[in-house]
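Notes for the one structure printed next.
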Amino acid sequence: GVPDDCDILAGDEEDCDADGVPDSCSLAYGVAREIRKLTGSTTDEDDGFGSALAIDGDMMVIGARSDEVIPNSGSAFVFRNNNGNWEEVTKLTADVPTALDIFGDKVAIQDGVIAISASGDDDLGSGSGSVFVFREVDGAWERVAKLQAMDGSFQDNLGSDIDMDGVTIIAGAPNEDAGGNDAGAAYVFREVNGTWEEVAKLGADDAEAGNRFGASVAIEGNIAVVGAYRASAGAQYSGCAYVFRESGGVWSQVAKITPPNPVRTGWFGSCVAIDSGVIAIGSPNDVSNGVVSGSLFVYQEEGGTWSQIARLTPIQYGLGGHVGRNVSMAAGCIAAGAYDSKIGGENRGATYLFREDGPGQWRQVATIMASDGEAGDHFGFDVAIDDGRLLVGATFDDDDGDAAGAAYVLDVRRLSTDCNSNLLIDVCETLRSIEDFVAAVINGSNDPQAVCLYDSDHNGLLDGRDIQDFLSGAFANAGCDTSDATIDGFVAALLSGTPSSTEICLYDADDNDHLDALDIAAFVDRLLNP
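291 is the number of the first residue of the sequence shown in our numbering; add one for each residue after it.
In structure tokens, the structure reads:
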């Protein structure tokens, strides 16, 4: 009943990895390996580096929307992975940086194309907004297009959010007024024969003033998702999201998604994402057990209807900040930042990682914090995940000056039992068992899959150290004598169906007060993350 950081401060628990969570709790999840902390070559005070993030394979883009080439004109930095070292390759700005352009407000990257929004751009009126498109040509990043709404006007703020899929870009304009003052709109642009064109303008069928439709956008194939976080759907400003489908070149609204339990100012739709036909929608002011902590709601289409399959709320909801302001998805994995998390310090920030273990079965696998985090850093201001790499922004980090900002690159491939690093729990992983581990060690197996699954000290061999790691720490539950833990004991307790209280204390890895298959998975997790 006492928050984890209080336990640490009181000396009741140890925190050897300095993640703000007692080690006995940390063992229940995984440990993300922090690869590098990034700042821009010109980053200085009040730049807000890390305010917008995108990653695609070995390329990433980091926005610094408050960079003062000219006050708040903004910029974005491009980094490339060179044999494990992330190196800055260029800094991008608007052709003619202008005060309050907010270039770098949002960023996207895919297949060598970068999109960067400037929601304060004033070409079509103050704050009309635009999106710049860059492509790498002979090693240099060149602007190939500047996207603006054909009916853009004063304070539309096009580019308040953007997303990209292939040669299609969607950009939100939440203050567009066609459906009423600040009702909002979203625009779809596509590259056709080398030229970027506006191909659709999206609006809600039930548009109302002030809904801010377009504050969040996502696109995948012929499906687009648009959030309207200030819509009143069951409660004032509870929020909603809309799903559109393209057919024959025409985009049509096919669904309106509202929160299952509307909360006043819940702001459902503050962020949206779509991956492999699964939609995630954030509600940063959703309530859990009487606490305003935020949630992510996950939806999947079934028979033409988008149905909720999960609601994700951090285990640390009391101190964990407001989840649902940003979200990123990749192949069965959802990352969500909570930059106002109080774990380890006021507004130090945290990022939560959720993974799908089976159809519709989502669980939290990690609470991630910066190794050098401090109060006020706002770690988790934005997040991006791709190919087992997680990028997290901390816009108020002060290494390069007050609120200069930073971004962290983390390896999250081993947060679950994903031995082939494809971010999926697939046949490679489901073949494992404790019996196989014991047999592999006894037989001296060096089979690559066995080593991948069970080599806890990562020396390429299955040996006595791997057994020792299991005996000393795999089921080190508080209050139990871990020297009594054995592999045979765990197997016997699990198969008996009636484990004693001592056996549950020793081997109940997920702390649900009984032994089950989840404890087997947790056992392997801990072997992979000793």
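Positions of the beta carbon are idealized from the N, C-alpha and C atoms, including for glycine. Note that this is a predicted model, so its numbers are computed, not measured.
Note to self: In chain order, what are the residue ranges of uninterrupted beta strand (DSSP E) at least 3 long that sit wholly in the segment 515–579?
What the structure shows: Within the segment 515–579, complete beta strand (DSSP E) segments of at least 3 residues are found at 530–537, 540–547, 562–565 and 568–573, given in chain order.
Note to self: Using a Cβ-Cβ cutoff of less than 7 Å, which residues in the same chain neighbour GLY338 once the five nearest sequence positions on both sides are dropped?
What the structure shows: ALA354, ARG355, SER356, THR685, ALA693 and GLY695
Notebook entry, point to check: Going by C-alpha distance, which of ASN637, ILE605, ILE404 and SER363 is nearest ILE345?
Noted result: Closest in alpha carbon position to ILE345, among ASN637, ILE605, ILE404 and SER363, is ILE404.
Next item on the list: Give me the Cα-Cα distance between VAL588 and PRO464, rounded to the nearest whole angstrom.
Entry: 23 Å
Item checked: Counterpart residues of SER585 in DSSP-defined beta bridges -> SER573
Notebook entry, point to check: Just to confirm, are ASP472 and GLY500 a CB contact at a threshold of 8 Å?
Noted result: Going by C-beta atoms, ASP472 is nearer than 8 Å to GLY500.
Item checked: First and last residue of the uninterrupted beta strand (DSSP E) at LEU796 -> Careful: LEU796 lies outside any beta strand (DSSP E), inside the alpha helix (DSSP H) at 791–797.
Notebook entry, point to check: Skipping 5 residues on each side, what residues in its chain have a beta carbon closer than 6 Å to that of PRO361?
Noted result: ALA389
Next item on the list: Using 10 angstroms around the beta-carbon of SER566, count the other beta-carbons present and answer buried if the total reaches 16, otherwise exposed.
Entry: exposed
Notebook entry, point to check: Which value, in whole angstroms, describes the spacing of the CA atoms of THR458 and ARG638?
Noted result: 36 Å
Notebook entry, point to check: Is VAL673 close to chain B, meaning its C-beta is less than 8 Å from at least one C-beta of that chain?
Noted result: The structure shown contains no chain B; it holds only a single protein chain.
Next item on the list: On the DSSP bridge assignment, give the partners of GLU592 in chain order.
Entry: For GLU592, which the question treats as bridged, DSSP gives the partners THR595.
Next item on the list: Under 6 Å Cβ to Cβ from GLY417, same chain only, skipping five residues before and after it: list those, please.
Entry: GLY410, GLN445 and ASN447
Next item on the list: Using only alpha-carbon positions, find the residue among GLY364, ASP647 and ALA518 that is nearest to ILE571.
Entry: ALA518
Notebook entry, point to check: Of the residues ALA497, PHE367 and SER560, which one's Cα is nearest the Cα of GLY627?
Noted result: Nearest of ALA497, PHE367 and SER560 to GLY627, Cα basis: SER560.
Check: CB ASN575 to CB GLY593, shorter than 8 Å?
Finding: no
Notebook entry, point to check: Who pairs with ALA621 in a beta bridge, going by DSSP?
Noted result: Note: ALA621 sits in no beta bridge, so no partner.
Next item on the list: Find the nearest neighbour of PRO550 within the set ILE564, ARG480 and CYS530, judged by alpha-carbon distance.
Entry: CYS530
Notebook entry, point to check: Considering only C-alpha positions, which residue in the set THR485, ILE460 and GLY462 is nearest to ARG433?
Noted result: THR485
Notebook entry, point to check: Which stretch, first to last residue, makes up the beta strand (DSSP E) that contains TYR698?
Noted result: 696–701
Margin query: Here's a check: name, in chain order, each residue in its chain whose Cβ is nearer than 6 Å to the Cβ of GLY584, leaving out the five neighbours to either side.
Written below: PRO574, ASP576, HIS612, VAL613 and GLY614
Item checked: Beta-carbon proximity check, GLU498 vs ALA514, cutoff 8 Å -> no
Checklist line | Whole-Å CB distance - ILE452 paired with ALA439, under 8 Å assumed | finding: Not really, about 13 Å apart at Cβ, beyond 8 Å.
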